[in-house]
Structures are given as C-alpha cells and as structure tokens.
Amino acid sequence: MCEKNEIQNRKQQIRLIGIGMGSAASMTREATEAIEDSDCLIGARRMLEAAGGKAAVFCEYRAEEILSYIEAHPEYGKIGVVLSGDTGFYSGAKKLAELLKTRPGKYDIRLIPGVSSVACLAAKLGTSWEDAAVISLHGQDENFIQTVNWNHKTFLLLGGTGTGARMLRRLLEYGMEDVTVSIGRNMTGPDERIVTGHPGEIPEEAAEGLCAAMILNPHPDKTAGPHIRDEEFIRGDVPMTKAEVRAVSLAALELTEDAVVYDIGAGTGSVSAEAARSGDRIRVCAVEKNPAALELLRQNRRKFRTDGIRIVEGAAPAALDGLEAPTHVFIGGSSGSLREILETVLGRNPKVRIVINAISLETLTEAMRAAEDGLLVNPEITQITAARSRKLGRYHMMTGQNPVYIISAGGKERG
1 MCEKNEIQNR KQQIRLIGIG MGSAASMTRE ATEAIEDSDC LIGARRMLEA AGGKAAVFCE
61 YRAEEILSYI EAHPEYGKIG VVLSGDTGFY SGAKKLAELL KTRPGKYDIR LIPGVSSVAC
121 LAAKLGTSWE DAAVISLHGQ DENFIQTVNW NHKTFLLLGG TGTGARMLRR LLEYGMEDVT
181 VSIGRNMTGP DERIVTGHPG EIPEEAAEGL CAAMILNPHP DKTAGPHIRD EEFIRGDVPM
241 TKAEVRAVSL AALELTEDAV VYDIGAGTGS VSAEAARSGD RIRVCAVEKN PAALELLRQN
301 RRKFRTDGIR IVEGAAPAAL DGLEAPTHVF IGGSSGSLRE ILETVLGRNP KVRIVINAIS
361 LETLTEAMRA AEDGLLVNPE ITQITAARSR KLGRYHMMTG QNPVYIISAG GKERG
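So in full-length UniProt numbering, spot 79 of the sequence shown is number 79, and the numbers just go up one at a time.
Here it is, written out as structure tokens:
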C-alpha cells in the first residue's frame with residue numbers, strides 16, 4: 001500500500017523529445033540520452049521505430065490521448081514523448097505541453113530540442129533560413145502563394161497525402177513557373193532524396209510524405225501596401241469600386257492580421273484583392289452571383305497571386321451558409337437584401353466590423369433604417385466625391401466620379 005501511495009504521489013518526469021529527421025544521425029546526444037533514460041516511450045509509430053530503446057512503448061500522436069495514457073499509468077516515472085523535428089518548431093509538443101500544464105504540480109516537464117527539417121534542408125542546400133519566410137502545410141490547407149510572391153526565399157513544411165502535389169500545381173496555377181523549388185525527402189535517412197527544379201519539372205511523387213521544400217523567387221513583389229491602380233485590374237464590363245473609394249473603405253474596415261473578410265457583391269475583386277494583400281494571414285470570401293464577374297474574380301486572383309481569396313458563387317445571404325464566421329464584412333452590392341445580410345453576419349459574429357458602400361439613395365436609406373433598428377452600431381457616414389484629370393488638347397480637365405456614401409459600424413459588442 002505504501003509503495004502504491006508513493007507512486008501515486010510522486011511527480012512524473014515528462015520529456016518531450018525532438019528527434020530530428022527520425023534517424024540516429026540527426027538525433028542530438030541529449031535526445032538519445034533522454035530516450036535511453038525513459039521507462040516508457042510514446043509517439044507515432046515511425047518516431048518510435050526511429051527512437052529504438054528498450055522502454056515500454058505506447059503508439060499514439062494525439063495530445064489528448066497521450067495525456068490520458070500518462071494519467072492512467074503513474075507507474076512510469078520517466079516518460080519520453082518522441083516527436084519529429086524540433087519541439088519548438090511547428091511541433092505537437094506545443095499542444096501537449098499546454099495540456100500537461102493544466103495539471104499544475106503533477107508533472108516535471110522538459111522540452112528537448114531537435115534538428116528541424118527546415119534547418120536540415122537549408123544546410124544540405126548550403127544556404128541560410130533566417131532570411132526566409134516559413135509556412136507549415138502539414139495537415140492543413142494553408143495559403144502560401146502570396147507569401148512566396150512577396151519573398152525571395154520561402155520554406156514550406158509538407159506532409160499528408162497530396163500536400164506536395166497540390167503545392168506544385170498551385171505554383172503553376174498562379175503563373176509561378178519561374179520559381180526554383182528544392183524538395184528534401186527522408187533527409188538523413190538511407191533513402192534520402194533532394195530534388196531541385198521548376199514546378200513543371202518536378203514529379204509530384206518527389207513531394208509525397210513528410211518533406212520540406214525551399215522556393216526561390218527570382219522576382220519577388222516588393223510593393224509596400226495593398227493599393228493597386230484601377231487600370232491594373234482585369235475589368236470587362238463589370239462595375240468596380242474605384243481606387244479612392246477602396247482606400248477609404250479599407251481604412252474603415254480596420255483589418256486585423258488574422259481577419260476573416262466577407263466581400264459581398266465582390267464584382268471584379270478589387271476590394272478582395274487589396275484586403276488579401278493587407279496581410280498573408282487574412283482570409284477573404286469573395287461572394288458574387290454574376291458569372292462574368294466570377295470569371296474576372298478568378299483572373300484577378302491569379303494575376304495578383306492572392307490565394308487568400310476564396311470565391312463563393314451565389315447571392316447573399318444564402319451564399320454565406322457554411323462559411324467561417326466573419327470578423328469584417330464589406331458590402332459593395334446587396335441586391336436589395338441589405339437587412340437580411342446584416343442579420344446573417346451579425347448572427348455569426350455580433351462584434352463584426354461592417355463597411356457598406358452606397359451609390360444610390362435607396363441603399364443609403366436601407367442602411368439608415370438598419371441603423372435605427374440596431375443592426376448598425378454607432379454608424380459613421382462619409383461621402384466621397386472624387387475627380388480625376390483628363391487631357392483635353394493641351395489642357396487638363398477634371399472629371400467627377402459618382403459620389404459614394406461609405407457607412408461603417410460595429411467592431412464592438414452591440415448594445
């Protein structure tokens with residue numbers, strides 16, 4: 001009984017161990033010693049096979065299940081959780097450590113760093129990685145084209161079925177045939193393979209599995225700020241929010257670095273493109289029902305390499321079903337459904353920031369009625385009447401654009 005109580009009351013030592021690329025050659029001495037000192041090892045099957053050792057093993061990679069196992073087995077005084085790469089770099093160690101810390105005083109937790117796949121690939125390619133952008137595509141459909149477009153050097157962590165193939169296809173889809181891609185697969189192992197070439201030259205199977213990639217862009221976009229000239233957009237006959245109005249409207253949106261933006265009545269996508277270019281973590285849902293406008297949206301998304309834009313076909317509010325909750329909403333066209341759109345987006349997020357462009361007095365009237373009914377909190381209204389010069393012989397004359405009302409509201413708790 002005394003021995004059982006002693007086991008129950010002692011503080012278990014939990015070591016979260018980064019084992020690098022999963023070969024003995026890429027493990028640090030500290031990691032190897034921690035593995036040898038453990039009486040139980042936990043990790044994904046591939047990690048356990050790489051770690052070796054004589055301890056008892058539990059094959060699991062999900063943080064919640066690992067915690068449950070640890071709590072159910074107090075007889076193990078020294079538990080090692082083996083993880084690929086480095087524990088501080090896109091690692092499952094982060095979530096597990098947070099869960100373990102919800103049991104204060106129960107565990108002695110220590111993180112043991114390893115060699116990350118990015119550091120390993122950079123070394124094998126004879127380059128640095130401190131001057132690169134780094135994105136993880138492992139287990140998620142992260143936007144990356146815009147980041148590659150902005151940077152000379154980008155590292156991507158690949159993983160999961162089809163992730164590498166999708167990366168190569170998307171580079172081609174967005175017209176980035178001139179970038180150079182280097183993919184490292186099974187690095188430091190006996191079947192290590194590093195392939196370098198342009199996206200159209202690399203076979204998709206070379207990027208399968210847990211890989212890391214480096215992309216060199218010879219012509220990164222060095223434009224500061226999101227603003228794009230009107231004439232740069234592919235226009236057709238679809239109406240477009242003009243540059244002066246876009247600038248004030250985007251300022252009124254007060255975008256945050258992780259914003260989820262609805263652009264309702266997106267048209268050519270001028271607002272969507274500039275919102276997406278405001279930050280590489282911003283996600284934009286461009287909602288449009290006009291087939292001609294939808295095609296222009298696709299063309300402009302490709303031209304400006306703004307893969308943060310998701311094109312949603314249909315009329316709001318019905319087309320908003322299934323989208324993630326917005327933090328910011330721009331309404332450039334409501335087709336007479338302004339009130340229903342406002343009720344829908346406020347139902348998803350009562351603190352959503354809303355900006356409406358009204359050209360007609362009827363739309364302005366709709367907005368003011370919505371404000372009277374509490375759908376627009378503390379609305380601010382700005383009218384813009386811009387004029388641009390045009391050449392007439394040897395003279396320059398000013399030509400006025402249509403006046404636009406910009407109504408902004410929300411961003412705080414209603415009421």
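A virtual CB, placed ideally from N, CA and C, is assigned to each residue, including glycine.
Source: prediction; values computed, not measured.
For the UniProt domain "Methyltransferase small" (252-313), the full-length beta strand (DSSP E) segments reaching 3 residues or more read 260-264, 283-288, 309-313 along the chain. Excluding residues up to 5 positions away in sequence, Asp178 lie with their Cβ nearer than 7 Å to the Cβ of proline 218 in the same chain.
In the DSSP annotation of this structure, the continuous segment of the beta strand (DSSP E) that includes threonine 196 starts and ends at 193-197. With contacts defined by Cβ atoms closer than 8 Å, arginine 281 and aspartate 258 form a contacting pair.
Where valine 148 is concerned, there is no enclosing beta strand (DSSP E), although the alpha helix (DSSP H) around it starts and stops at 145-150. Across the structure, alanine 293 and glycine 333 are spaced so that their CA atoms are roughly 12 Å apart. Considering only Ile331, Val82, Leu67, Leu364, the residue with the shortest C-alpha distance to alanine 55 is Val82.
Annotated as proximal: glutamine 12 and proline 74, with beta-carbon spacing under 8 Å. In the structure shown, alanine 207 adopts helical secondary structure according to DSSP, grouped into three states. In the structure shown, serine 334 falls within a coil segment according to DSSP collapsed to helix, strand and coil. Between leucine 99 and leucine 16, the CB-CB gap reaches or exceeds 8 Å. The straight-line gap separating the alpha-carbon atoms of isoleucine 234 and leucine 172 is approximately 20 Å. Of the candidates Arg388, Met21, Tyr405, the residue whose Cα lies closest to the Cα of methionine 397 is Arg388. Residue Ser23 holds the alpha-carbon nearest to the alpha-carbon of methionine 47 among Ala123, Ala63, Thr344, Ser23. For isoleucine 66, same chain residues with a beta-carbon under 7 Å away, outside a window of 5 residues either side, are Ile42, Glu60, Val81, Leu96 in chain order.
About 7 Å separates the beta carbon of alanine 286 from that of valine 312, a gap short enough to meet the 8 Å contact definition. A Cβ-Cβ contact shorter than 8 Å links methionine 167 with leucine 137. Listed in chain order, the non-local C-beta contacts of alanine 93 below 8 Å within the same chain comprise Leu16, Gly18, Val81, Leu83, Thr87, Leu111, local neighbours out to five positions each way being set aside. Secondary structure of lysine 78 (DSSP, three-state): strand.
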